[in-house]
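Some notes on the structure that comes next.
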Amino acid sequence: METRELRYFVAVAEELHFGRAAHRLGMAQPPLSRAIRRLERRLGAPLLLRTSRTVALTEAGEVLLQEGRAALDAVDAADRRTRRAALGAHPGLVLVVKAAAAGEFLATLLEAYAVEPGAVGVDVQLCGVGEQEPMLRDGRADVALLHLPHDSADGFDTEVLHTERQVAVLPAGHPLASRARVRLAEVTALPGLPMPRWPDPDGRYPDGPGPQVRDSTQLYRLIALGRAAAVLPESVRTHLRDDLAAVPVDDAAPVTTVIAWPAHCRSRAVADLVRVASAVAGGQRPNRSPSR
1 METRELRYFV
11 AVAEELHFGR
21 AAHRLGMAQP
31 PLSRAIRRLE
41 RRLGAPLLLR
51 TSRTVALTEA
61 GEVLLQEGRA
71 ALDAVDAADR
81 RTRRAALGAH
91 PGLVLVVKAA
101 AAGEFLATLL
111 EAYAVEPGAV
121 GVDVQLCGVG
131 EQEPMLRDGR
141 ADVALLHLPH
151 DSADGFDTEV
161 LHTERQVAVL
171 PAGHPLASRA
181 RVRLAEVTAL
191 PGLPMPRWPD
201 PDGRYPDGPG
211 PQVRDSTQLY
221 RLIALGRAAA
231 VLPESVRTHL
241 RDDLAAVPVD
251 DAAPVTTVIA
261 WPAHCRSRAV
271 ADLVRVASAV
281 AGGQRPNRSP
291 SR
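For what it's worth, the UniProt record's numbering labels the leading residue of the sequence shown as 1, then goes sequentially.
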């Protein structure tokens, strides 16, 4: 298969509409349809079920969509990382972090890594919810802080940094705000305070009654106005305003923060950053790596 064919198929599989896929790809619909049929003939399997009104994926098409996305991410990552490597022997690292998680730990990590022998520059990029994983997969980042189970670490090497419980973030004057603890069902069923809806990596929001949000600042304002509630990692307490309250949720799954990097990575700089992150998370002084 050619990369071009994979891009064609993924566009059709995601849009489930040849017209929209052709527009997205900047091409006419007939050659796109012919390209997909040629791909099906070469693979010896139908990838799409077509009617006059609908397009659906076959089981084989579902497999190729998942594998094709991964393959295209790998191609993009190879392109970006090769271009960055051409800038010099030590082009630096790109570390991507969810903006709401950029707190004291990150500052301590960067300070500790900066004094390592042979440390390279670290470009910290703050992103919205769920954006770290695709940035790491497609080569825009070398290292990421991910939060399990909300992010997927499939295909990455990881080191666990810490695990924390979750809290319900509520308006300070709400009756539940004075409780010592709550249960998840109590929070998700609050009248007038729906859970927020976050966009997926493609910018699309799931269906539901909650407000559409893109960042923590927007979310906190909505909660303070009595328009939403949220269940978030306990570390958000350090960012909360006076008009918000955080109450532990007894039965919410804990959130584990990991530092993640591509499984095939052989970068000494990445290895050093991971080692320092693990030491900082454990409250230890990093063991210095030898000078290069």
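We put the beta carbon where it would ideally sit given N, CA and C, even for glycine. Given the structure is predicted, the values throughout are model-derived calculations rather than measurements.
Rounded distance between the beta-carbons of residue j and residue i, thought under 8 Å
| i | j | result |
| --- | --- | --- |
| Ala246 | Val120 | Incorrect: roughly 37 Å between the Cβ atoms, too far for contact. |
| Val94 | Asp142 | 5 Å |
| Ser235 | Glu164 | 6 Å |
| residue 342 | Arg221 | Only positions 1 to 292 of the chain appear in this structure, which leaves residue 342 out of reach. |
| Leu64 | Phe9 | 6 Å |
| Leu32 | Leu25 | 7 Å |
| Leu6 | Leu72 | 6 Å |
| Thr256 | Val160 | 6 Å |
| Ala28 | Ala22 | 6 Å |
For residue j and residue i, the rounded distance between their alpha carbons
| i | j | result |
| --- | --- | --- |
| Leu106 | Glu14 | 36 Å |
| Glu104 | Gln125 | 16 Å |
| Leu193 | Leu47 | 43 Å |
| Thr58 | Leu219 | 39 Å |
| Pro206 | Pro199 | 7 Å |
| Gly130 | Ala144 | 11 Å |
| Pro248 | Val97 | 24 Å |
| Ser178 | Leu273 | 41 Å |
| Ala277 | Ile259 | 8 Å |
| Trp261 | Thr51 | 43 Å |
| Ser152 | Gly128 | 15 Å |
| Ile223 | Pro233 | 16 Å |
Burial state of residue i, where buried means 16 or more other Cβ atoms lie within 10 Å
| i | result |
| --- | --- |
| residue 305 | Look at the range of the chain in this structure, 1 to 292, and you will see that residue 305 is not part of it. |
| His264 | exposed |
| Ala230 | buried |
| Arg137 | buried |
| Arg140 | buried |
| Gly68 | buried |
| Ala89 | The predicted model places Ala89 with a pLDDT of 49, which falls under 50 and marks its position as unreliable, so this point remains unresolved. |
| Ala253 | exposed |
| Thr82 | exposed |
| Thr238 | exposed |
| His147 | buried |
| His162 | exposed |
| Ser216 | buried |
| Leu133 | It should be pointed out that residue 133 corresponds to Glu in this sequence rather than to Leu. The residue in question, Glu133, is buried, as its Cβ has 16 or more Cβ neighbours within 10 Å. |
| Ala180 | exposed |
| Gln166 | buried |
| Leu109 | buried |
| Val213 | buried |
| Ala70 | exposed |
| Ala101 | buried |
Residue i, DSSP secondary structure in three states
| i | result |
| --- | --- |
| Leu126 | strand |
| His23 | helix |
| Thr82 | helix |
| Arg181 | coil |
| Val213 | coil |
| Val255 | strand |
| Leu240 | coil |
| Ala119 | coil |
| Ala245 | strand |
| Pro134 | helix |
| Ser152 | coil |
| Asp207 | coil |
| Arg16 | The question names Arg, yet the displayed sequence has Leu at residue 16. Leu16: coil per DSSP, three-state reduction. |
| Asp272 | helix |
| Gly68 | helix |
| Glu2 | coil |
| Leu106 | helix |
| Ala114 | helix |
| Phe222 | Looking at the sequence provided, one finds Leu at residue 222 rather than Phe. It is helical. |
| Ser267 | coil |
| Ala11 | helix |
| Leu190 | coil |
| Arg227 | coil |
| Ala172 | coil |
Residues that residue i bridges to, as DSSP identifies them
| i | result |
| --- | --- |
| Thr158 | Ala260 |
| Ala144 | Val96 and Ala260 |
| Leu232 | Val167 |
| Arg197 | Gln212 |
| Arg50 | Val55 |
CB contact check: residue i to chain D, cutoff 8 Å
| i | result |
| --- | --- |
| Arg214 | Absence of chain D from the displayed structure is noted, only one protein chain being present. |
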